[in-house]
Amino acid sequence: MKPMTSLEDIEKLKIEEGRLLHSATHEEILSAATTDVYFLRTMDLLKKMDLDKSIVTAEIFARRPGVFCGIEEVKNILRDKDVEVWSVDEGETFEEKETLVRIKGPYSNFGAYETIILGSLASASGWATASREIKEACGEKSFLCFGARHVHPAVAPVMERAALIGGANGASCVLAAKMMHIGASGTLPHAAMLIAGDTLKIAKVYDQVMPEDHKRIVLVDTFKDEVEESIRIASELKERLFGIRLDTPSERGGVTPHLVRELRSKLDHAGFQYVKIFVSGGLSPDKIRALSAAGADSFGVGSYISGASAIDMTMDIKEVNGEAVAKRGRLPGLIDNPKLKKMK
């Protein structure tokens, strides 16, 4: 698709009948079809004034601290545009109002993409920041991102990639894992247990079918008491069982520190000290700290990451044709940040 550069291009934008999904395609995003309309109106006015080729330097900052993510998409959005780009690295922490990205070039080459650039950074940085908060709560223990089911499928891989940048040790979304060159993580859902009718029955088949190097983790809260089911599974699979997963629903009180302590104690007394305890289900940093202290070994986190608020990003024009400028309340001219690196 041809990049949108004026209001006239809106009339040319055709939406096919029977469109299957409401999400934007890569082509639509790269053509600036998801921009705010006033940027196209601005382009028309600047062309009329013969100012659309003005050399502009813009800087992006965040409204609150966080972990930076999303610049790889921004680089690709601007790949074919005649602009220079500086940025901090993905995974870098930042403070409020810190300069995170600088773009320099003819305004007509990137102005219409402001909405798209800010959105790419805001959502990814929000998810990465939540993931970092989980990582800090876990300490040396691992956690996986299970958040794909909580967001639109079009952005599920964006979210889980951001979680990995923020510190997650793995992701369940197949596409996100593929993009990060790792294997997707996960064991079996309640659906498998319910259809099989018995946890041990399907656990034995799971053990038979999976390759030797697969870490066998069995979900134990579907039918029976979690401790009873765990001992039952461990007695059958023995050393082949890597761990059990607790995902007790909120209707039954969720996974509590006492349940984890009881399970750890009874596994140990039964000779299954090697069996790990994996916990999931509505986890937050505070819950993770409590469950970790009780003996949980690793965690699956979904909604805390997927539901994180985007970090509001702002793009300010700081120079026009080499002259320092700023809107009222902002500082004119470039705001230096030694962490900025030339990206393009």
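Take the sequence shown: its letter number 81 is residue 81 in our numbering, and every next letter is one higher. All residues carry an ideal CB built from backbone N, CA and C; glycine is no exception. On a predicted model such as this, the values are computed, not experimentally measured, just so you know.
Taking a contact as a CB-CB distance under 8 Å, the pair Ser120 and Val74 counts as one, their CB atoms being some 6 Å apart. Here Ala191 is exposed. Its C-beta has fewer than 16 other C-beta atoms within 10 Å. Unbroken alpha helix (DSSP H) stretches of 4 residues or longer found wholly inside the stretch 44 to 101: 71 to 77, given in chain order. Fewer than three beta-carbon pairs drawn from the stretch 88 to 95 and the stretch 326 to 334 are found closer than 8 Å, and the two stretches are therefore not classed as touching.
Scanning the stretch 290 to 330 from its first residue to its last, the whole alpha helix (DSSP H) runs of 4-plus residues come out as 303 to 306. DSSP, reduced to helix, strand and coil, places Gly166 within a helical segment of the structure shown. Counting the other Cβ atoms within 10 Å of the Cβ of Tyr274 gives fewer than 16, which makes it exposed. Ser31 counts as buried, since at least 16 other C-beta atoms from the protein chains shown sit within 10 angstroms of its C-beta. For Lys276, the closest C-alpha among the options Arg63, Ile231, Thr222, Ala308 is that of Ile231. The continuous alpha helix (DSSP H) containing Phe110 extends over residues 107 to 110. Taking one beta carbon from each stretch, the stretch 155 to 168 and the stretch 194 to 206 have fewer than 3 pairs nearer than 8 Å; the two do not touch.
For Arg216, the enclosing beta strand (DSSP E) covers residues 216 to 219.
Distance from the CA of Val83 to the CA of Met315, rounded to the nearest whole angstrom, comes to 15 Å.
The C-beta separation of Thr34 from Glu28 comes to about 6 Å, placing the pair in contact by the 8 Å criterion.
The Cβ atoms of Val209 and Leu246 do not sit closer than 9 Å to each other. Non-local beta-carbon contacts of Thr5 in its own chain, meaning distances under 6 Å to residues more than five positions away in sequence, involve Met43 in chain order.
About 18 Å separates the Cβ atoms of Ile311 and Arg102, ruling out a contact at the 8 Å cut-off. Per DSSP, the unbroken alpha helix (DSSP H) holding Arg261 starts and ends at 257 to 269.
Leaving aside the five residues that flank Leu118 on each side, the residues in its chain whose CB is nearer than 8 Å to its CB run, in chain order, Ile60, Met313, Thr314, Met315. Annotated three-state conformation of Lys2 is coil, per DSSP. Straight across, the Cα-Cα distance linking Ala58 with Asn76 is about 18 Å.
The continuous stretches of alpha helix (DSSP H) do not include Lys276, which lies in the beta strand (DSSP E) extending over residues 276 to 280.
Here the alpha carbons of Arg132 and Gly302 stand approximately 13 Å from one another. The beta carbon of Gly186 lies closer than 6 Å to those of Ser172 in the same chain, with the five residues before and after it left out. In this structure Cys69 is in contact with Ala128, their Cβ atoms being roughly 4 Å apart against a cut-off of 8 Å. When the beta-carbon positions are compared, Gly281 and Gly307 stay at least 9 Å from each other.
In this model, Arg19 and His26 are separated by some 15 Å (Cα to Cα). DSSP places Arg245 in the strand class (E or B) of the three-state scheme. Beta-bridge pairing by DSSP links Ile103 to Ala58, Val85.
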